[in-house]
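Student: This structure is in structure tokens; I'll ask about it shortly.
There are 2 protein chains.
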Amino acid sequence: MISKVFEPDSIAVIGASSNREKWGHRILDNIISGGYAGVVYPVNPNKDEVLGMRCYPSVLNLPHRVDLGIIAVPAGSVPAVLEECGRKGTRGVVIVSAGFGEVGNTELEDRVRDIARDYEMRMIGPNTFGFINTHLHLNASIIPEMPEKGGISFVTQSGTFGLALVDWAASQQMGLHLVVGVGNKADVDDSDILAYMSADRHTKMIMMYIEGIERGRRFIDVASRIRKPIIALKTGRSQAGSKAALSHTGSLAGADRIYDGAFKQAGVIRAGTLEELFDSALALSISPPAGDGIGIISNGGGASILAADLCEDLGLHLPDLSERTVRMLTGVLSAIATPANPLDTAGNGSYEMFKAVTDIMLSDRSINALLVIYVHAEMVDPCLPAEAVIDAREGYDKPVITSWIGGTSIEAAVKLLEKNRIPNYPLPERAVVALNNLVRHKRILQKR
Amino acid sequence: MISKVFEPDSIAVIGASSNREKWGHRILDNIISGGYAGVVYPVNPNKDEVLGMRCYPSVLNLPHRVDLGIIAVPAGSVPAVLEECGRKGTRGVVIVSAGFGEVGNTELEDRVRDIARDYEMRMIGPNTFGFINTHLHLNASIIPEMPEKGGISFVTQSGTFGLALVDWAASQQMGLHLVVGVGNKADVDDSDILAYMSADRHTKMIMMYIEGIERGRRFIDVASRIRKPIIALKTGRSQAGSKAALSHTGSLAGADRIYDGAFKQAGVIRAGTLEELFDSALALSISPPAGDGIGIISNGGGASILAADLCEDLGLHLPDLSERTVRMLTGVLSAIATPANPLDTAGNGSYEMFKAVTDIMLSDRSINALLVIYVHAEMVDPCLPAEAVIDAREGYDKPVITSWIGGTSIEAAVKLLEKNRIPNYPLPERAVVALNNLVRHKRILQKR
Chain A
1 MISKVFEPDS
11 IAVIGASSNR
21 EKWGHRILDN
31 IISGGYAGVV
41 YPVNPNKDEV
51 LGMRCYPSVL
61 NLPHRVDLGI
71 IAVPAGSVPA
81 VLEECGRKGT
91 RGVVIVSAGF
101 GEVGNTELED
111 RVRDIARDYE
121 MRMIGPNTFG
131 FINTHLHLNA
141 SIIPEMPEKG
151 GISFVTQSGT
161 FGLALVDWAA
171 SQQMGLHLVV
181 GVGNKADVDD
191 SDILAYMSAD
201 RHTKMIMMYI
211 EGIERGRRFI
221 DVASRIRKPI
231 IALKTGRSQA
241 GSKAALSHTG
251 SLAGADRIYD
261 GAFKQAGVIR
271 AGTLEELFDS
281 ALALSISPPA
291 GDGIGIISNG
301 GGASILAADL
311 CEDLGLHLPD
321 LSERTVRMLT
331 GVLSAIATPA
341 NPLDTAGNGS
351 YEMFKAVTDI
361 MLSDRSINAL
371 LVIYVHAEMV
381 DPCLPAEAVI
391 DAREGYDKPV
401 ITSWIGGTSI
411 EAAVKLLEKN
421 RIPNYPLPER
431 AVVALNNLVR
441 HKRILQKR
Chain B
449 MISKVFEPDS
459 IAVIGASSNR
469 EKWGHRILDN
479 IISGGYAGVV
489 YPVNPNKDEV
499 LGMRCYPSVL
509 NLPHRVDLGI
519 IAVPAGSVPA
529 VLEECGRKGT
539 RGVVIVSAGF
549 GEVGNTELED
559 RVRDIARDYE
569 MRMIGPNTFG
579 FINTHLHLNA
589 SIIPEMPEKG
599 GISFVTQSGT
609 FGLALVDWAA
619 SQQMGLHLVV
629 GVGNKADVDD
639 SDILAYMSAD
649 RHTKMIMMYI
659 EGIERGRRFI
669 DVASRIRKPI
679 IALKTGRSQA
689 GSKAALSHTG
699 SLAGADRIYD
709 GAFKQAGVIR
719 AGTLEELFDS
729 ALALSISPPA
739 GDGIGIISNG
749 GGASILAADL
759 CEDLGLHLPD
769 LSERTVRMLT
779 GVLSAIATPA
789 NPLDTAGNGS
799 YEMFKAVTDI
809 MLSDRSINAL
819 LVIYVHAEMV
829 DPCLPAEAVI
839 DAREGYDKPV
849 ITSWIGGTSI
859 EAAVKLLEKN
869 RIPNYPLPER
879 AVVALNNLVR
889 HKRILQKR
């Protein structure tokens, strides 16, 4: 059962080490300093004690069987160690060790998989950085920090991007639930983890980084039944990139168009870049709009023109405003501003102006979602227009996202928006791309 | 003479005010606090003193004629004030006041232009945020901070983006020279400013934000003779965006394909987003590579696959490594790493590894430029691989750009890279886009 891997009551770290440069040290250290409440056993035949804890020569010597074995020993020793895990009744394993399919050693990888299957242990890896489960305070990975708790889960074939997401999340007050490195996917693959996350109550949306998928049909079957948003970045589409993927995780990257089709069938949103993947996770954490009518407000003309262009490029609709809306806007705007969508307040970024125009735009029936852009020019405290947006959206069940521009001087305002769960982006174009993916999610749900 | 506008010995601020909310106050305040060494006169018929300085009722009362008049009075009063500037022999003016062509008041705009021409004054605006000349410590704008000195100049039709660039530059230790808001371009337009910047010794590369260009032929003529890199973001290509541009600066955005063709003919690199514009300025500040052969190094597989994909999408070439390079790499890499391009050091981000592989990759004759990606995983001090790259590139005349990934824990390393003038990006895809524009600049120069 995969749940025994991701929600274990007890863990053995096999290959636990006092050497700070060994992964067996770092993972054990991370489990302990992360605050995991279950039982943890270090296992290493050459040590009596690791990190002040009693160390066992083999899992066979443990006082109980454990739910999860994390294996960080040289590749050649993995079969023997895994065999012992099986005999002891271990429920699942994570194989951190490298040197399998990704370096052409498929025979060893097959052997390891066969042992796991013989003993009915689910196996993550080999060649993975491990995983994090924030709700269990469990950092069974080499990632140095524990993210904040939240609803975003990430399945990644790259440890790099697991690390990058955790850093990103920390800088954005973005909460994560599971971060899982799938490695070479000898046993548990993306589809297995998707199925688990679909049922998992903490996961609200799913991010994926994929180098290659072996069982495409199964992936489509599993993904297309999930109503939570799924966004995936698939790389290895170039010749150089697919060769690199082969030596990274042993993945055959495959024809890119096939993946495009599979994602479409599966209802998986495809991200073009890592930035789009990360940015969209934030937007996909809020409720989607009822339609694709986007309203844009800004206090600076250039930014709203840029956003309007990109909306049209991406197929988002910028509806004309109703007569009533135009009349109400005329009542609050200065003579040098035009009541239109996109709306430019002609430099006015005051609380009163942002409150009024946000409210009026949200009240227009053709506007389903709103993008509010604020450019800081030191006339007002940038927290005031942020508060105006937070206040004005109350009473409307329409998604609002923002782009506050202004470097360090707007940090407090950005924190305020984040705390109120308004996805905020440092550039308007990034807000539009993320908002578009929220609309895509809505369309996927409608088609089902 | 435009040089009298951008390099004035004396300035009159007409509409100078003690009211902190008035632009006439902010610009005068910015000129003084920025450290401008020339003579400054506040002008306002209703004040005797502004900001502790003697205030004159009209430019006609000034003890001398001035090089530059900055006009921040209501639109209706601009003709009279401008007339006085002309009579006093003012060399050039910046009209900050709004309420002209952008709100349909083209008649007033024409009148103002005619007055300026009658007196042979060059005029920036109306409807502009002013300009900054860092080398003169002159902040004749509403932008609250003075950027660091540097070689990047920016011509923008949006005050928003002028502000955004100054914030961006501050956060990246990026040096600027001129930041100019062209506003409605009633007299001085992009081409005039390009011609000035072409000859200007401080400007090393030129960034542009354009909503519309009126005299396209002249733009092509001027731009195509400039050997400094020029990168432009042109918006208003969508229906909604072009309507918004009309009410922002009165620009007719025009068919987008025409602009595409014009930029190509003019040798202007077109950016698709604000992020690309800003990111590329950094890369375009270093010398271009001799060819389009790109080498990629990373300590994490996912990042190099992502970068390789994007290189191929953009038409950048990832050459196979020479036999000699492969042999040398085999000598330093561990058994689980493959000597290839892109090169993945399989987790090793040490000084020694990064020094060795950067050196070896740069020594390959088919590699013209190198992208080094480092993902921080707390094994080493992230400054060490940064130092390795800085040290290894000595002795090679090939551009090196980097992508250090790791949030707040890598800040010191990023500062180190920036200080050594290595363009660094928080995501590898952004590094590739910027590097591609450096290669495009090289191709433009070769075609001439």
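Line order of the protein sequences matches chains A and B. The letter at position 132 of the first sequence is residue 132 when you use this note's numbering, and the numbering goes up by one with no holes. Add 448 to the 1-based position in the second sequence for this note's numbering, that's all there is to it. Note that the Cβ used here is the ideal one computed from N, Cα and C, for glycine as well. Since the model is a prediction, treat every value here as computed from it, not as a measurement.
1. Within the continuous beta strand (DSSP E) that includes A/Lys149, where are the two ends?
2. Please state if the CB of A/Val432 and the CB of A/Leu277 are separated by a distance shorter than 8 Å.
3. In angstroms, rounded to a whole number, what distance separates the CA positions of A/Gly293 and A/Ser409?
4. What are the boundary residues of the alpha helix (DSSP H) that A/Lys4 is part of?
5. Closer than 8 Å is the cut-off here; do at least three beta carbon pairs connect the segment 67-81 of chain A with the segment 8-25 of chain A?
6. Specify whether the segment 284-298 of chain A and the segment 341-351 of chain A touch according to this definition: at least 3 beta carbon pairs, one from each stretch, less than 8 Å apart.
7. So what does B/Thr651 bridge to, in DSSP terms?
8. In its own chain, which residues sit with a C-beta less than 8 Å from the C-beta of B/Glu532, not counting the 5 before and 5 after it?
9. Taking contact to mean 3 or more Cβ pairs, one atom from each stretch, closer than 8 Å, check whether the segment 174-192 of chain A and the segment 118-138 of chain A are in contact.
10. Say whether the segment 261-275 of chain A touches the segment 303-321 of chain A, bearing in mind that this needs 3 or more beta-carbon pairs closer than 8 Å, one atom from each stretch.
11. If contact means a Cβ-Cβ distance below 8 Å, which residues of the segment 351-370 of chain A contact chain B?
12. A/Arg237 touches chain B at which residues, Cβ-Cβ below 7 Å?
13. Does the beta-carbon distance from B/Ile600 to B/Leu624 come in below 8 Å?
14. Identify the contact partners of B/His650 in chain A, using a Cβ-Cβ distance below 7 Å as the criterion.
15. Taking Cβ positions only, does B/Asp615 come closer than 8 Å to chain A?
16. Consider the Cβ of B/Tyr657: report whether some Cβ of chain A lies at a distance smaller than 8 Å.
17. Between which two residues does the alpha helix (DSSP H) containing B/Ile475 stretch?
18. Helix, strand or coil: which one does DSSP assign to B/Leu766?
19. Enumerate, from N- to C-terminal direction, the unbroken beta strand (DSSP E) stretches of 3 or more residues contained entirely within the segment 647-701 of chain B.
20. Sort out for me which residues DSSP pairs B/Val487 with in a bridge.
21. Please check if any C-beta of chain A sits within less than 8 Å of the C-beta of B/Lys691.
22. If the criterion is Cβ atoms closer than 8 Å, does the pair A/Met208 and A/Ile226 meet it?
23. At what residue ranges does the segment 130-197 of chain A contain a whole run of the beta strand (DSSP E), taking only runs of 3 or more?
24. Using a Cβ-Cβ cut-off of 7 Å (strictly less than) and excluding sequence neighbours within five positions of A/Leu284, which residues of its own chain qualify?
25. Assuming B/Val491 contacts B/Ile479 under a Cβ cut-off of 8 Å, what Cβ separation, rounded to an integer in Å, is found between them?
26. With a threshold of 16 other CB atoms inside 10 Å of the CB of A/Gly130, please say whether the residue is buried or exposed.
27. I'd like to confirm something about A/Val400: is its beta-carbon nearer than 7 Å to some heavy atom of the ligand SAH, or not?
28. Quick check on B/Asp792: does DSSP put it in helix, strand or coil?
29. Decide yes or no for the touch test of the segment 836-847 of chain B against the segment 239-253 of chain A: beta carbon pairs closer than 8 Å, at least 3 of them.
30. Taking the beta strand (DSSP E) that A/Tyr374 falls in, what are its first and last residues?
31. Let me check one thing: in DSSP terms, what residues is A/Thr402 bridge-paired to?
32. Relative to the C-alpha of B/Lys867, which candidate in B/Gly598, B/Val529, B/Leu893, B/Leu556 has its C-alpha closest?
33. In chain B, what lies closer than 7 Å to A/Ser304 by C-beta?
34. Which whole-angstrom value is the C-beta distance of A/Asp190 and A/Phe161, which I expect to be below 8 Å?
35. With respect to the alpha helix (DSSP H) encompassing B/Gly750, which residues constitute its N-terminal and C-terminal limits?
36. Whole angstroms are fine: how far does the CA of A/Gly267 sit from the CA of B/Asn553?
Tutor: Considering the structure as presented:
1. Note, A/Lys149: beta strand (DSSP E), 149-156.
2. Result no, Cβ atoms of A/Leu277 and A/Val432 do not sit closer than 8 Å.
3. Rounded to whole angstroms, A/Gly293 to A/Ser409 spans 32 Å at the Cα level.
4. Taken as a continuous stretch (DSSP letters only), the alpha helix (DSSP H) holding A/Lys4 covers 2-6.
5. In short, these stretches touch, since the Cβ pair count reaches three.
6. Touching, yes, given that three or more Cβ pairs across the two stretches are closer than 8 Å.
7. DSSP lists no partner for B/Thr651.
8. Excluding positions up to five away in sequence, the list reads Ser506, Val507, Leu508.
9. Of all C-beta pairs linking the segment 174-192 of chain A to the segment 118-138 of chain A, three or more are shorter than 8 Å, placing the two stretches in contact.
10. As far as the Cβ criterion goes, the segment 261-275 of chain A does not touch the segment 303-321 of chain A, which means the pair count is below three.
11. Of all residues in the segment 351-370 of chain A, none has a Cβ within less than 8 Å of some Cβ in chain B.
12. Counting only Cβ-Cβ distances below 7 Å, A/Arg237 has contacts in chain B at Asp757, in chain order.
13. Yes. Within cutoff.
14. Within chain A, no residue comes near B/His650; the closest Cβ sits about 23 Å away, beyond 7 Å.
15. Interface residue, yes.
16. Answer yes: the Cβ-Cβ gap between B/Tyr657 and chain A drops below 8 Å somewhere.
17. Counted as a single uninterrupted DSSP element, the alpha helix (DSSP H) harbouring B/Ile475 occupies residues 471-482.
18. It is coil, neither helix nor strand.
19. The qualifying runs are 653-658, 678-682.
20. Its beta-bridge partners are B/Ser458.
21. With its beta carbon less than 8 Å from one in chain A, B/Lys691 belongs to the interface.
22. Cβ atoms of A/Met208 and A/Ile226: not closer than 8 Å.
23. Whole beta strand (DSSP E) segments, 3+ residues: 130-133, 138-141, 149-156, 176-181.
24. Answer for A/Leu284: Met205, Pro229, Ile231, Asn437, Leu438, His441, listed in chain order.
25. The beta carbons of B/Val491 and B/Ile479 sit about 13 Å from each other, so the pair does not count as a contact at 8 Å.
26. Buried, since its Cβ has 16 or more Cβ neighbours within 10 Å.
27. Annotation note on the ligand SAH: not contained in the displayed structure, which lists no ligands.
28. If DSSP states are grouped into helix, strand and coil, B/Asp792 belongs with the strands.
29. Under the 8 Å Cβ criterion, the segment 836-847 of chain B does not count as touching the segment 239-253 of chain A, having fewer than three qualifying pairs.
30. Counted as a single uninterrupted DSSP element, the beta strand (DSSP E) harbouring A/Tyr374 occupies residues 369-375.
31. Answer by DSSP bridge pairing, in chain order: A/Val372, A/Asn424.
32. For the residues B/Gly598, B/Val529, B/Leu893, B/Leu556, the minimum Cα distance to B/Lys867 belongs to B/Gly598.
33. Near A/Ser304 (Cβ distances below 7 Å), the residues of chain B are Ala692.
34. By a beta-carbon distance limit of 8 Å, A/Asp190 does not contact A/Phe161. Their separation comes to about 14 Å.
35. Following the DSSP letters along the chain, one finds B/Gly750 inside the alpha helix (DSSP H) bounded by residues 749-761.
36. Between B/Asn553 and A/Gly267, the C-alpha separation is close to 51 Å.
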